[in-house]
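All you need for the working numbering is the position in the sequence shown, starting with 1, plus 5.
All residues carry an ideal CB built from backbone N, CA and C; glycine is no exception.
For reference, the structure is listed below as structure tokens.
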Amino acid sequence: MPEHDVAALSDIPDGLSKVEAGDRAMLLVRQGDDVRAFTHECPHLGLPLSKGVLRDGTVICPFHHACFDAATGQQAEPPGHGDLARFAVALRDGRVLVDVPDGIDPHPLPDTATPGPDARRMVVVGAGAAAHACVAALREEGFDGAIEMIAPNGPPLDRTMLSKAVLTGGKQVEDLTLRPTIKGLNVVHVEDRVTAVSEGRLTLASGGTRAFDGLLVAPGGLPRGLDLPGEDLPGIYRLRDGDQATALAEAAEGASRAVVIGGGFIGLEAALSLSKRGVKVTLATREALPLARIVGEEIARLILSEVKEAGIHHTPRTEARLFHGTDRVTAVELKDGGRTETDLVLVAVGVSPATAGIEGLPLDDDGGVSVGPDLSVPGLAGVHVAGDCASTPTPFGPARIEHWRVACQHGKRAARAMLGHRADPADIPFFWTALARQYRYLGHATDWDEIRIDGDPSGPFMARYVKEGQVIAALTAGRDADLADLHLQMRAAGGPVPA
Ligand SMILES: Cc1cc2nc3c(=O)[nH]c(=O)nc-3n(C[C@H](O)[C@H](O)[C@H](O)COP(=O)(O)OP(=O)(O)OC[C@H]3O[C@@H](n4cnc5c(N)ncnc54)[C@H](O)[C@@H]3O)c2cc1C
Ligand code: FES
């Protein structure tokens, strides 16, 4: 077992640091004379955990806020799956020595996929963030019975990359398969759609029904359309799944001009990605200032100026009227009479919960489903709803939040509930977006009394959204560790913290 002398103890700071042990980077967690060594790369995207924060026995990754137990390396919060391998540490003569066994798995997963005696049948509808987290958590919790994943597509993939690495051409959809694979989890994929749900039974689009002991429904969202003449012309795209992303990326290959309709995060990310590969992009938004409702006017102005600096032409207060073209779209005509010639169009005007085709779910006015803290659907025993469709209790009141990490957490909590375990308390919502810079957002603010900005927003900064003397949300660029630290503070407080 090769032992590596990695540093003098006096050179190791309290908290998190990085050392090299042979050709392997190590995360050291030091609290006084207690030094522990773990895998340095986060199991989510492999980014460096030494840039994170240690607080109250938790290590938080600063990039997308996966959390780990600082004593054991066990993953406590998503995104990503896998614990941090822990390496034996010895302190001798003021030196720190770490044992690095050959062939160690840097991100071990619980070995629980062997079929066992549990006769219960768990069914998961969807192959997205919530569904994948749910089946992984069912196995992590030791469930050894049958699990079926019913979805028209598969395998589960990292959807967040579609508007980023796939559109820039840096990655193919095949590169985005989520770990652990459903084969590795011994989950049977049924290629179908679910059309109705009732207690203990569901109906499939292909005909027939299926019984279950526990059910998670996580069908995500469907991109909205504009319902305009010409909208079904080839060359007009939406962006939700792998096929749509591949088709759009292929079209971008030969395109010189694109129109992106919609100023939400996906519209902006896609516009920037298309622009990066040399396409001249017009961003048409109904709002004068995209994102102002979410981040406030000052930050929204900053984000827009960065988008424009990247070469994107913005047309504010714009609504499309119809699409021109015979075999393929050639132009977008606007309500004000303007016309923009184009080789392709992306319609990115938001998503609706994909619940419309599933009978039996009690739908809210917006098509979501209001569930309890354990994601269970009131009045439908054994049925849970998670992810973009679920309106859940949060530390900021009930909310339906359409973000990756939240969906993963839902899936994990639903798995515990399906197995009859206690519901974990809801964590603080968090999301990231890759615009001209990486922006990260914590909490949930629909309105606020003031926004306190710390730092010059054109450089690293943190904006705190304050209501009634409490920080209810924060947005950062270039201040990842500060936001991660605030996350752990809000988590410990169970919600907002004093401003
Ligand atoms: C392009 C893009 C970029 C994004 N970037 C970010 C980001 O940077 N940060 C962030 O926090 N969030 C991001 N998101 C949002 C994030 O991906 C979603 O919040 C998350 O995927 C929601 O997970 P979900 O499980 O609810 O649904 P999904 O991941 O959408 O999965 C839904 C699954 O259900 C299946 N399904 C639908 N209807 C049925 C049915 N009737 N029967 C069976 N199966 C069905 C679908 O085919 C799919 O497999 C992005 C989303 C997109 C589209
Ligand atoms: S790289 Fe750590 S959470 Fe994404």
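- [ ] Please state whether DSSP places residue 270 in a helix, a strand or coil.
- [x] helix
Task: Residue from 72, 127 and 316 with nearest C-alpha to residue 218 - done: 127
Open item on the list: Starting from residue 541, trace the beta strand (DSSP E) in both directions and tell me its first and last residue.
Closed with: Outside the shown range of the chain, which is 6 to 504, sits residue 541, and nothing can be said about it.
- [ ] Could you please give the first and the last residue of the uninterrupted beta strand (DSSP E) stretch that includes residue 350?
- [x] 349-352
Open item on the list: Under 8 Å, Cβ to Cβ, is there at least one residue of chain B near residue 497?
Closed with: Within the model displayed, chain B is absent; a lone protein chain is all it includes.
Open item on the list: Nearest by alpha-carbon distance to residue 242: which of 448, 225, 360 and 348 is it?
Closed with: 348
Task: Member of 44, 500 and 27 whose CA lies at the smallest distance from the CA of residue 34 - done: 44
Open item on the list: Counting C-beta neighbours from all protein chains within 10 Å, is the total for residue 491 16 or more, i.e. buried, or is it exposed?
Closed with: buried
- [ ] For residue 1, name the three-state secondary structure that DSSP assigns.
- [x] An answer regarding residue 1 cannot be provided, because it is not within the stretch 6 to 504 covered by the chain.
Open item on the list: By the three-class DSSP mapping on this structure, what secondary structure does residue 8 have?
Closed with: strand
Task: Residue(s) in a DSSP beta bridge with residue 44 - done: 31
- [ ] Compare the beta carbon distance of residue 41 and residue 91 with 8 Å and say whether it is the shorter of the two.
- [x] yes
Open item on the list: Relative to the C-alpha of residue 346, which candidate in 17, 340, 330 and 357 has its C-alpha closest?
Closed with: 330
TODO: For residue 306, name the three-state secondary structure that DSSP assigns.
DONE: helix
Task: Helix, strand or coil at residue 20 according to DSSP, with G and I counted as helix - done: strand
TODO: Can you say whether residue 426 is buried or exposed, counting buried as having 16 or more other CB atoms within 10 angstroms of its CB?
DONE: exposed
Open item on the list: Going by DSSP, what residue range makes up the alpha helix (DSSP H) through residue 409?
Closed with: 409-423
Open item on the list: On the DSSP letters alone, give me the boundaries of the alpha helix (DSSP H) that residue 139 sits inside.
Closed with: 134-145
Open item on the list: Does the distance between the C-beta of residue 168 and the nearest non-hydrogen atom of ligand 1 fall short of 7 Å?
Closed with: yes
Open item on the list: Can you tell me whether residue 363 sits near ligand 1, meaning its C-beta is under 7 Å from at least one heavy atom of the ligand?
Closed with: yes
Task: Whole-angstrom distance between residue 486 and residue 55, CA atom to CA atom - done: 10 Å
Task: For residue 467, the residue or residues it bridges with in DSSP - done: 459 and 481
Task: Limits of the unbroken alpha helix (DSSP H) element including residue 427 - done: First-last for residue 427: undefined, no H or E at that position.
TODO: Indicate whether the contact test is met: 3 or more Cβ pairs, each with one atom in the segment 192-209 and one in the segment 148-156, closer than 8 Å.
DONE: yes
TODO: Just the C-alpha distance for residue 440 and residue 121, rounded to the nearest angstrom, thanks.
DONE: 46 Å
- [ ] Compute the Euclidean distance between the alpha carbons of residue 454 and residue 382, then round it to the nearest angstrom.
- [x] 34 Å
Task: residue 469 burial status per 10 Å Cβ neighbour count (16 or more: buried) - done: buried
- [ ] Could you tell me which of 220, 109, 482 and 298 sits nearest to residue 387, measuring between CA atoms?
- [x] 220
Open item on the list: Would residue 57 and residue 21 be called neighbours here (beta carbons separated by less than 8 Å)?
Closed with: yes
Task: Buried versus exposed, by CB contacts within 10 Å (16 or more), residue 289 - done: buried
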